[in-house]
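Read the structure below first, then the notes.
In my numbering, the protein residues as written are -3 to 48.
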């Protein structure tokens, strides 16, 4: 799966024909993003660079 940017929260997009293993990996990725505050860190970096 790929991260869905522009939403307020963790969103992972998968292809409609994704296998069960691909879905499992997408869920694991979403959990990792949430646990590591990835979205908050990315937002902070984007805002910091936007104001340069």
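Glycine residues also receive a C-beta, built at the ideal position from the N, C-alpha and C atoms.
The structure displayed is predicted, hence computed values, not measured ones.
Item, Value
"Validate contact between the stretch 5 to 23 and the stretch 37 to 44 using beta carbons, cut 8 Å, 3 pairs", "no"
"Enclosing alpha helix (DSSP H) for residue 40 [first to last residue]", "34 to 46"
"Cβ separation of residue 8 and residue 26, assumed to be a contact under 8 Å, to the nearest whole Å", "5 Å"
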